[in-house]
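Engineer: Below you'll find the structure I mean.
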Amino acid sequence: MKPMKNTFLLLAGVAAIATSAVMVNAQDVPPLAALGEPPIPHDNPQSDAKVELGKILFWDPRLGGDASTACVTCHEPDQGWGFGDSLSRGYPGTVHWRNSQSVINSAYLGQLFWAGSAASLEKQAPSAAKGAVAGNGENDVMETRLAFIPEYRKRFNEVFGTEYPLISDAWNAIAAFERTLIVNDTPVDKYLAGDTSALSDEQVAGMELFNGKAGCIQCHNGAQATDEKYYNLGVPPAERWEDDGLAQVTFRYEIFAKGVTQEMYRKLKDDPGLYFRSKEKDHMGKFRTPPLRYTAYTAPYMHNGSFWDLEEVVQFYNAGGGENDFTDGTMASTKTDKIKPLGLNDEEVGQLVAFLEAFSGDELRVEPPVLPPYEALTSE
Amino acid sequence: MTDNISPANFTQDYNSAWGNARAEINFNEKGKSMKISRFKRSFVLTLGVSLLGATALTGSAFAGDNAIGPIVAPEVNEAKALLGKRLFFDKRLSGDAAISCSSCHQPEHGYSDGLALSKAYPGSKGFRNTPTLINTALAANWFHDGRIGTNLNDVTRENITEDYIMNMDMRMMQERIKQDPVYVKMFADAGYGEPSNGSIRKAIPEYLNTLISQNAPFDSGTMTDAAKRGQALFEGKAGCVSCHSGPLLTDEKAHNIGVAENPEIWSDPMRHMTYAAFASFMGIENYMNIRRDVGAQIIRNPADRSDVGSFNTPTLRELKQTGPYMHNGTFDTLFEVVAFYNAGGGDDANKDKEVKPLGLTFAEQKDIVAFLEALSGDPLTGPEHVWQDPIPTNYLAIENWREQSN
């Protein structure tokens, strides 16, 4: 088995990202594997106190512009630690423009967000807390709020040794908490570890299709079931952009804010994904392969939530993917040649879905924390 | 749809701890010999956290060549002002679409809010008194600390984007405005073409050009005898005119008159927090330990801290509509303000040496109040100043979206 490689990308202006769409034979890719313990970065080691602090912060809406929108607002434990709508809800007065991804097992990923724009959980958290359609917070306000919460002063001091909380340490603590949100004991993990009774016959048949006829393994490979590369499958554009004014506002905001040419700003009607990072036309419409663990709980699916259940997803692949502005030449023609009609019958579709469900394990819930109050800052 | 976190109100629920605020810190050990530096028009460019700025000039104000007098209203482009008026009352110009300019600059309060300290954006709480916008089009600098001395375009930008004021990403603002067909037409009619954040920042100042005092007895020559006596005192024995000069009755400079701190800023953690965040952004040193509003110190930031506690001389027009008074709203009535000056102002090591006891009788103080009231005109609360039609809070979808150019 080839080890998964975490790629740490530094984004500076227009950084080029390597995503060569080389054809890979299924035999050449890392097989599905049991998920071990998550990697812990040397500059942010875990500790119980840090994890507990991060958990409280994950629930705290004061880490956002108007103190209404916490991490948990769009990553709800009872929605698979994502958000139960095609597009995430976004900051008040907005709607987001992509589907909220599960936090479960994000600790193993080298690239966060649908276009991989954050290379670590420590970088993902501030990006979400500050974005205009997410948390819309500013560092100075968020950091200062923490200083007026005595319990945070105490906890940050214990964990990080600072007199007053630093906002960067808040992201470190949240990342540490997220690294505890692990589901690595699914029936598939048990099966791969040698417990052949862990999967039903139907699920085993689904796994064989996954690795063989259906070709899922081409991209959904390794322990996380993702190669962390970028592809255009022809997922249709979000329906809400057609008929929802708020979503149209956000769509234009994103293409404006992310910096495209005037011509591109006028013409784009779909999310160009990786293109925003590289500005390479070949990257239009490409998104990072999502992990498949925990998917039973994370509907709807795809970067814009186009599909509402796993059967719909499998049928999409069975039909050879779809068409969008980046497959039909309107803006680009980047559809991956890995995807083609699969010829699966209904029974086989059911087997694949059963396998994906076995890849999800038990639902992970935690007791929500009590949020500590503001108090006047007395002289020290 | 899940919406289980109620917006905004969470942070109001804190444990108020009155009386815990630290005693005021005296920054200036050297005390009274400090010279009060004045600045005329300060041009402040804010880029990240860098402040650039300020021409200092000392010496007496221009009382002689800038006597109090009538206001000359600026010319107004009707179509642009009409557009600016709708924008001024539109909540979609704030980050979470909860507040508009008019949420704090309320017509019925002379375009202030009637509160000692302003409310601010949800999740924050203000640390200064909301200034009137009547005649602000004629001012030379803005904010109680005078931190913007360029033009109202910059002031509009500052208010819309500042975290604790409206917290708006202007790119988002532009796209919201473009989504409203009423605006698309109004921008075209005003000659701005397609809506843009740049023309939003032009249209709102054009509307502010319409907020000009009307029919103040001082301007219309209908002052009472008491007010006339008050004007004589104002320009004579009381010496008010040395700073409150010109048509707006302000020298547009910062002075320290020793107004006491408003203790609520330091006892209310949300107000204190909002001030501390502002102070950190402005580069005020030791910002977690200070317990006073440093005011205009942020402009020149003199090392001797002699500008700490200085605030811009406010206009004296429309005071009847705009109480409470002072940068932190600590006086409820004009008589209290006049009595404060009569006593020689407050205690502050940086206090302007020109502020000293005036020896005014009770009757003289009442006459000055009568004069101040004569500087107030009609409320600007009619349809020519206040947008009347409902402004939508949602957005119509653009039809045939895929066929339309963005």
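Going down the list, the sequences are from chains X and Z.
Just add 28 to wherever you are in the first sequence, counting from 1, and you've got the working numbering.
Just add 124 to wherever you are in the second sequence, counting from 1, and you've got the working numbering.
Idealized CB from N, CA, C, for every residue including glycine.
Just so we're clear, the structure is a prediction, and the values are computed from it rather than from any experiment.
Between which two residues does the alpha helix (DSSP H) harbouring Z/ARG281 extend?
Structural biologist: 276 to 285 is the extent of the alpha helix (DSSP H) around Z/ARG281.
Engineer: So if I threshold CB-CB distances at 7 Å, which residues from the region 156 to 177 of chain X count as touching chain Z?
Structural biologist: Per Cβ criterion, the list reads ALA160, ASN164, GLU166, ASP168, VAL169, THR172, ARG173, ALA175 and PHE176.
Engineer: Based on the DSSP output, what are the partners of X/LEU140 in its beta bridges?
Structural biologist: Answer by DSSP bridge pairing, in chain order: X/ALA146.
Engineer: Tell me, please, which residues DSSP counts as bridged to X/PHE315.
Structural biologist: According to DSSP, X/PHE315 bridges with X/TYR259.
Engineer: Provide the residue(s) that pair with Z/ALA378 in DSSP beta bridges, ordered along the chain.
Structural biologist: Paired residues: Z/ASN436.
Engineer: Classify Z/ILE414 as helix, strand or coil using the three-state DSSP reduction.
Structural biologist: In the structure shown, Z/ILE414 sits in coil (DSSP, three-state: anything other than H, G, I, E or B).
Engineer: Could you tell me the distance, in whole angstroms, from the CA atom of Z/SER218 to the CA atom of X/LYS158?
Structural biologist: Roughly 15 Å between the two C-alpha positions.
Engineer: By DSSP, does Z/TRP533 sit in helix, in strand, or in coil?
Structural biologist: Nothing in the structure corresponds to residue 533 of chain Z, since chain Z is present only between 125 and 530.
Engineer: So X/GLY313 packs on X/THR362, CB below 8 Å; how close in whole Å?
Structural biologist: Yes, they are in contact, since the Cβ atoms of X/GLY313 and X/THR362 sit about 5 Å apart, within 8 Å.
Engineer: Check whether chain X comes within 7 Å of Z/PHE358, counting only Cβ atoms and requiring the distance to be less than that.
Structural biologist: It does not: the Cβ of Z/PHE358 has no partner Cβ on chain X nearer than 7 Å.
Engineer: Since Z/ARG526 and X/GLU270 should fall inside the 8 Å C-beta cutoff, what is the C-beta to C-beta distance between them, to a whole number of angstroms?
Structural biologist: So it is a contact: roughly 7 Å between Cβ atoms.
Engineer: Check whether the Cβ of Z/MET397 lies closer than 6 Å to any heavy atom of the ligand ADP, and answer yes or no.
Structural biologist: Absence of the ligand ADP from the depicted structure is noted, as is the absence of any ligand whatsoever, leaving it without description.
Engineer: Taking Cβ-Cβ distances below 7 Å as the criterion, which residues of the region 261 to 278 of chain X are in contact with chain Z?
Structural biologist: Within the region 261 to 278 of chain X, the residues whose Cβ lies closer than 7 Å to some Cβ of chain Z are TRP269, GLU270, ASP271, ASP272, GLY273, LEU274, GLN276 and VAL277, listed in chain order.
Engineer: Helix, strand or coil, according to DSSP, for X/SER134 in the structure here?
Structural biologist: In the structure shown, X/SER134 sits in a helix (DSSP, three-state: H, G or I).
Engineer: Starting from X/SER96 and walking both ways along the alpha helix (DSSP H), at which residues does that stretch end?
Structural biologist: First-last for X/SER96: undefined, no H or E at that position.
Engineer: Using CA atoms only, rank isn't needed, just tell me which of Z/ASP476, Z/PRO371, Z/HIS396 and Z/MET297 is closest to Z/SER434.
Structural biologist: Per the Cα distances, Z/ASP476.
Engineer: How long is the line joining the alpha carbons of X/LEU302 and X/GLN252, rounded to whole angstroms?
Structural biologist: Cα-Cα distance, rounded: 21 Å.
Engineer: Could you give the first and the last residue of the continuous alpha helix (DSSP H) run that contains X/GLU308?
Structural biologist: No alpha helix (DSSP H) contains X/GLU308, which DSSP labels as neither H nor E.
Engineer: Evaluate X/MET51 with the Cβ neighbour count: other Cβ atoms within 10 Å of its Cβ, from every protein chain shown; 16 or more gives buried, anything less gives exposed.
Structural biologist: At X/MET51 the pLDDT is 40, less than 50, meaning the model places this residue with poor confidence and gives no usable figure here.
Engineer: Given X/TYR402, which residues of its chain have a CB within under 7 Å of its CB, disregarding the five upstream and five downstream residues?
Structural biologist: Counting only Cβ-Cβ distances below 7 Å, and skipping sequence neighbours, we find PHE176 and ILE177.
Engineer: Per DSSP, what kind of secondary structure is X/ILE283 in: helix, strand or coil?
Structural biologist: Helix, per DSSP.
Engineer: As a quick exercise: from Z/SER404, Z/LYS480 and Z/GLU330, pick the residue whose alpha carbon is nearest that of Z/GLY469.
Structural biologist: Among Z/SER404, Z/LYS480 and Z/GLU330, the Cα nearest to that of Z/GLY469 is on Z/LYS480.
Engineer: With a threshold of 16 other CB atoms inside 10 Å of the CB of X/HIS70, please say whether the residue is buried or exposed.
Structural biologist: Result: exposed.
Engineer: Excluding sequence positions up to five away, which residues of its chain have a Cβ less than 6 Å from the Cβ of X/ASP88?
Structural biologist: ALA98 and LEU399.
Engineer: Measuring straight from C-alpha to C-alpha, what distance separates X/ASN185 and X/ALA226?
Structural biologist: Cα-Cα distance, rounded: 45 Å.
Engineer: Please state whether DSSP places X/TYR180 in a helix, a strand or coil.
Structural biologist: In the structure shown, X/TYR180 sits in a helix (DSSP, three-state: H, G or I).
Engineer: Quick one, are the C-beta atoms of Z/VAL462 and Z/GLN489 less than 7 Å apart?
Structural biologist: In contact: Z/VAL462 and Z/GLN489 (Cβ atoms closer than 7 Å).
Engineer: Looking at the structure shown, is X/GLN129 part of a helix, part of a strand, or coil, going by DSSP?
Structural biologist: Note: X/GLN129 maps to coil in three-state DSSP.
Engineer: Do you know how far the Cα of X/GLY222 is from the Cα of X/ALA61?
Structural biologist: Taking the straight line from one Cα to the other gives about 11 Å.
Engineer: For the region 496 to 505 of chain Z against the region 436 to 449 of chain Z, do three or more pairs of beta-carbon atoms, one drawn from each stretch, fall closer than 8 Å, so that the two count as touching?
Structural biologist: Because the criterion of three Cβ pairs below 8 Å is met, the region 496 to 505 of chain Z and the region 436 to 449 of chain Z touch.
Engineer: Quick one, are the C-beta atoms of X/ASN164 and X/GLY82 less than 7 Å apart?
Structural biologist: Not closer than 7 Å, so no.
Engineer: Could you name the residues of the same chain whose beta carbon sits closer than 7 Å to that of Z/CYS228, not counting the 5 residues immediately before and after it, in chain order?
Structural biologist: For Z/CYS228, where only same-chain residues beyond five positions count, the Cβ hits under 7 Å are ASP237, SER242, LYS243 and THR254.
Engineer: Taking a Cβ distance cut-off of 9 Å, strictly less, list which residues of the region 89 to 119 of chain X are near chain Z, in chain order.
Structural biologist: Answer in chain order: PRO89, ARG90, GLY92, GLY93, ASP94, ALA95, SER96, THR97, ALA98, VAL100, THR101, GLU104, ASP106, GLN107, PHE111, GLY112, ASP113, ARG117 and TYR119.
Engineer: Below 8 Å on the Cβ atoms is my guess for X/ALA143 versus X/PHE315; work out the distance and round it to an integer in Å.
Structural biologist: At roughly 6 Å, the Cβ-Cβ gap stays under 8 Å, so X/ALA143 and X/PHE315 are in contact.
Engineer: Considering only the beta carbon of each residue, do Z/LEU207 and Z/MET310 sit closer than 7 Å?
Structural biologist: Yes, the Cβ-Cβ distance between Z/LEU207 and Z/MET310 is below 7 Å.
Engineer: Would you list, in sequence order, the uninterrupted alpha helix (DSSP H) runs of no fewer than 4 residues that lie entirely inside the region 232 to 268 of chain Z?
Structural biologist: For the region 232 to 268 of chain Z, not a single whole alpha helix (DSSP H) run of length 4 or above is found.
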